[in-house]
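Undergrad: Chains as they are written, first to last, in my numbering: chain F, 882 to 1023; chain C, 882 to 1023; chain Y, 882 to 1023; chain X, 882 to 1023. The structure's right below; bear with me while I get my questions together.
Protein chains: 4
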Amino acid sequence: MTQNLVMQADELSQYLREVFPESNDYGFNIKAMSDGHITVGMEVQDHHLRPGGSVSGPTMFALADIAAYLIVLAHIGKVALAVTTNLNINFLTKPQPGNLVAEASLMKLGKRLAVCAIEIRSSVDNALVAHATATYSIPPRP
Amino acid sequence: MTQNLVMQADELSQYLREVFPESNDYGFNIKAMSDGHITVGMEVQDHHLRPGGSVSGPTMFALADIAAYLIVLAHIGKVALAVTTNLNINFLTKPQPGNLVAEASLMKLGKRLAVCAIEIRSSVDNALVAHATATYSIPPRP
Amino acid sequence: MTQNLVMQADELSQYLREVFPESNDYGFNIKAMSDGHITVGMEVQDHHLRPGGSVSGPTMFALADIAAYLIVLAHIGKVALAVTTNLNINFLTKPQPGNLVAEASLMKLGKRLAVCAIEIRSSVDNALVAHATATYSIPPRP
Amino acid sequence: MTQNLVMQADELSQYLREVFPESNDYGFNIKAMSDGHITVGMEVQDHHLRPGGSVSGPTMFALADIAAYLIVLAHIGKVALAVTTNLNINFLTKPQPGNLVAEASLMKLGKRLAVCAIEIRSSVDNALVAHATATYSIPPRP
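Here you go:
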């Protein structure tokens, strides 16, 4: 299956706000999109931090998960019911206090499954702080 | 390494509130502990839900992660700097709206790494909604 | 979806030998089956060992993968085209030289995906040497 | 920790043959190395195939595992006891009959853990057939 974008960033951002109102809590924002790739920023806030100022694991998971969701939607369209079936995340180094950026790459876009890899970097020093792979199940389309 | 509890539930709950104040947001509560096992409940609130009433992936990740953290601490003591290095989660079925319960089992407790499996069930119908495995890195002890 | 066996051990063993002739190389044998569970033994041979006598990672992967395949087939019938889409394995401790046994449990049996957990133990001392989770994609059935 | 090569391809190939004589069974060969990266080829043989001519899952796992092992050794030296603790693999598409190539990238090289990502491609059409992440535990060094 070819991996061509079927939505643009503005439309996808708008759709995200509609179906996941709580995404505002994370300050998710689409920074760039191209065929097979998406870059998603997250504005880290105090309640995303662990003691010592490090971003919490669940916060990085949420960023990886939303980046995976957005890259899938960007290539299949507004299919709200696409669901994560598997997410594997390696935490590599503690991020500096500050915002995070996720770069997701689509590795497979099948009729039933999409698989992507996600790199999470610190906006402060560009360090690779986590790496995830995620599988989404795509509901049957008419 | 033998897998014997070194803390009791009251002490561990108290410690959790001290080091992760935000854990109150999830209503985590230790329901049972024994050698190699822990049961952790989560009081699901509106902002943990996805449209349609299903608990969000990041919320289930947070429960798996905290259950893993607690089972490790219960067996090694108050080592706040133990950190998750890997977490793999399979989402199996959408949970009914309602609370969740995680049962974590310690599969390995080494000097440097601890590995556990976590089953997440719905409190409503006891359905297995997610399964995770997590690895914690244990800092050197004096 | 209910998780009831649709094949018995003899029939499944016969089918395994037909579709995976190389499985004899591993000496796979079905030791027990019940709804949602299967126990598969492996006769470890010299070429499965690493220097020092420990069973190699790829050998344990092969055992986990075949146990997952067999538990899926046992519940859906002879669908040779079921394929592994994801396998996550944690190596917990080096096994004693000797045979291995895998116990697989079906955690989800959907129309399109099956997910199972696999524990691998040493036949020598029953130690838990590895734990895996596997996802199988099930082809559409007529 | 900086990620600089401490061995060259010839020396590493020689060491591989010494410690893993069975690696000849897979025809592993180091095609390229640079700081943080390694490319490993595998000569697929008949007994690596599934019915229909597709390379088996355990064979792809073995390639991912050896690529991870080699990239770690290339950066830490001859530490035979480095062991895989976790390997997560996504099978993306069935490879064409033919050889495979793995490209491994070192994502973290810590004192105790190394984490890498591995892409496996078909030598026939360069299709991405599998993606893995692996964690190695590094024994204490004097």
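We put the CB at the ideal spot given by N, CA and C, even for glycine.
At a Cβ threshold of 7 Å, is C/K989 touching chain Y?
TA: Walking along the second sequence from the start, residue 989 of chain C turns up at place 108. For C/K989, the nearest beta carbon of chain Y is closer than 7 Å to its own beta carbon.
Undergrad: In the structure shown, what three-state DSSP assignment does C/V925 receive?
TA: Residue mapping note: residue 925 of chain C aligns to position 44 of the second sequence, counting from 1. Judged by DSSP in its simplified three-state form, C/V925 adopts coil rather than helix or strand.
Undergrad: Please identify, using Cβ separations under 8 Å, the residues of the region 886 to 910 of chain X that lie next to chain Y, in order along the chain.
TA: V900, F901, E903, D906
Undergrad: From which residue to which residue does the beta strand (DSSP E) around C/V1010 run?
TA: In the second sequence, counting from the first residue as 1, residue 1010 of chain C sits at position 129. Taken as a continuous stretch (DSSP letters only), the beta strand (DSSP E) holding C/V1010 covers 1009 to 1018.
Undergrad: Which word fits Y/D946, buried or exposed, when buried means at least 16 other C-beta atoms lie within 10 angstroms of its C-beta?
TA: Locating residue 946 of chain Y in the third sequence gives position 65, where the first residue counts as 1. Buried, by the Cβ-count rule.
Undergrad: Compare the Cα-Cα distances from Y/Y1017 to each of X/A949, X/N905, X/D927, X/G938 and report the closest residue.
TA: Residue numbering aside, residue 1017 of chain Y sits at position 136 when the third sequence is read from its first letter. Comparing Cα positions, the closest option is X/G938.
Undergrad: Give the C-beta separation of X/N971 and F/V887 to the nearest angstrom, bearing in mind that I take them to be a contact with Cβ-Cβ under 8 Å.
TA: By one-based count along the fourth sequence, residue 971 of chain X stands at place 90. By one-based count along the first sequence, residue 887 of chain F stands at place 6. Contact flag wrong, Cβ pair sits at about 23 Å.
Undergrad: How many angstroms separate the CA atom of C/H928 from the CA atom of X/L973?
TA: If you number the second sequence from 1, residue 928 of chain C lands on position 47. If you number the fourth sequence from 1, residue 973 of chain X lands on position 92. Roughly 34 Å between the two C-alpha positions.
Undergrad: For F/N969, which residues in chain Y fall below 9 Å Cβ to Cβ?
TA: Here residue 969 of chain F is taken as the residue at index 88 of the first sequence, counted from 1. Here the neighbours are N967, N969.
Undergrad: Any chance you could list the beta strand (DSSP E) runs of at least 3 consecutive residues sitting entirely within the region 972 to 998 of chain Y, in chain order?
TA: 981 to 990
Undergrad: Please tell me whether Y/R993 has its Cβ less than 7 Å away from any Cβ of chain F.
TA: Along the third sequence, read from residue 1 onward, the residue named residue 993 of chain Y stands at position 112. Output row for Y/R993: interface = yes.
Undergrad: Kindly indicate if chain C contains any beta-carbon less than 7 Å away from that of F/G934.
TA: For this step, residue 934 of chain F is matched to residue 53 along the first sequence. False, the Cβ-Cβ gap to chain C never drops below 7 Å.
Undergrad: Go to Y/S915, then tell me how far its beta strand (DSSP E) extends in each direction, as first and last residue.
TA: Translated into the one-based positions of the third sequence, residue 915 of chain Y becomes position 34. Unbroken beta strand (DSSP E) run through Y/S915: 910 to 915.
Undergrad: Any Cβ of chain C within less than 7 Å of the Cβ of Y/R918?
TA: Translated into positions along the third sequence, residue 918 of chain Y becomes position 37. One point to set straight first is that residue 918 of chain Y is His, not Arg, in the sequence displayed. No, no contact with chain C.
Undergrad: Thinking C-beta only, is F/M914 closer than 7 Å to F/A890?
TA: On the first sequence, residue 890 of chain F is found 9 positions in, with the first residue counted as 1. On the first sequence, residue 914 of chain F is found 33 positions in, with the first residue counted as 1. Yes, they are a contact pair.
Undergrad: Measure the C-alpha to C-alpha separation of Y/Y950 and X/L987 and round it to an integer number of angstroms.
TA: As a position in the third sequence, residue 950 of chain Y is number 69, starting the count at 1. As a position in the fourth sequence, residue 987 of chain X is number 106, starting the count at 1. Whole-angstrom Cα-Cα distance: 31 Å.
Undergrad: Taking its Cβ as the centre, do 16 or more other Cβ atoms sit within 10 Å of F/K992, making it buried, or is it exposed?
TA: Your numbering for residue 992 of chain F matches position 111 in the first sequence. By the 10 Å Cβ count, F/K992 comes out exposed.
Undergrad: By the three-class DSSP mapping on this structure, what secondary structure does C/L951 have?
TA: Mapped onto the second sequence, residue 951 of chain C falls at position 70. DSSP places C/L951 in helix when its eight states are reduced to three.
Undergrad: If you draw a straight line from the alpha carbon of C/D916 to that of Y/E984, how long is it in whole angstroms?
TA: Taking the second sequence and counting its residues from 1, one reaches residue 916 of chain C at position 35. Taking the third sequence and counting its residues from 1, one reaches residue 984 of chain Y at position 103. So the two alpha carbons sit approximately 22 Å from each other.
Undergrad: With a threshold of 8 Å on Cβ separation, who are the neighbours of Y/D1006 within its own chain once the five nearest residues in sequence on each side are excluded?
TA: On the third sequence, residue 1006 of chain Y is found 125 positions in, with the first residue counted as 1. Closer than 8 Å at the Cβ level, and outside the excluded window around Y/D1006, lie Q977.
Undergrad: Could you tell me the alpha carbon to alpha carbon distance between C/M882 and C/I1019, rounded to whole angstroms?
TA: As a first step, residue 882 of chain C is located in the second sequence; it is residue number 1 there, counting from the start. As a first step, residue 1019 of chain C is located in the second sequence; it is residue number 138 there, counting from the start. Low local confidence applies: a pLDDT of 49 at C/M882 is under 50, so the model's placement there is unreliable, with the coordinate-based value given in what follows. One Cα belongs to C/M882, the other to C/I1019, and the distance between them is close to 14 Å.
Undergrad: For X/T940 versus X/A1015, is the C-beta distance shorter than 7 Å?
TA: The residue given as residue 940 of chain X occupies position 59 in the fourth sequence. The residue given as residue 1015 of chain X occupies position 134 in the fourth sequence. Against a cut-off of 7 Å, the Cβ pair of X/A1015 and X/T940 comes out as no contact.
Undergrad: Thinking just about the alpha-carbon of each residue, which of C/K959, C/G908, C/A948, C/I919 is nearest to the one in C/Q926?
TA: Counting from one through the second sequence, the residue named residue 926 of chain C turns up at place 45. Checking every option, the nearest Cα to that of C/Q926 belongs to C/G908.
Undergrad: Taking beta-carbon pairs under 9 Å, can you tell me which members of the region 1009 to 1020 of chain X lie near chain C?
TA: T1014, T1016, S1018
Undergrad: For F/V1005, would you say it is in contact with chain X, using Cβ-to-Cβ distances shorter than 7 Å as the test?
TA: Here residue 1005 of chain F refers to the residue found at position 124 of the first sequence. By this cut-off, F/V1005 is not an interface position.
Undergrad: Would you list the residues sitting across from X/S1003 in a DSSP beta bridge?
TA: Mapped onto the fourth sequence, residue 1003 of chain X falls at position 122. In the DSSP output, where bridge partners are listed per residue, X/S1003 has X/L981.
Undergrad: Are the CB atoms of F/Q895 and F/H956 nearer to each other than 7 Å?
TA: The count along the first sequence starts at 1 and reaches residue 895 of chain F at position 14. The count along the first sequence starts at 1 and reaches residue 956 of chain F at position 75. No. Outside cutoff.
Undergrad: Select from X/H1012, X/H918, X/E924, X/E1000 the residue whose C-alpha is nearest the C-alpha of X/L990.
TA: For this step, residue 990 of chain X is matched to residue 109 along the fourth sequence. The shortest C-alpha separation from X/L990 is found at X/H918.
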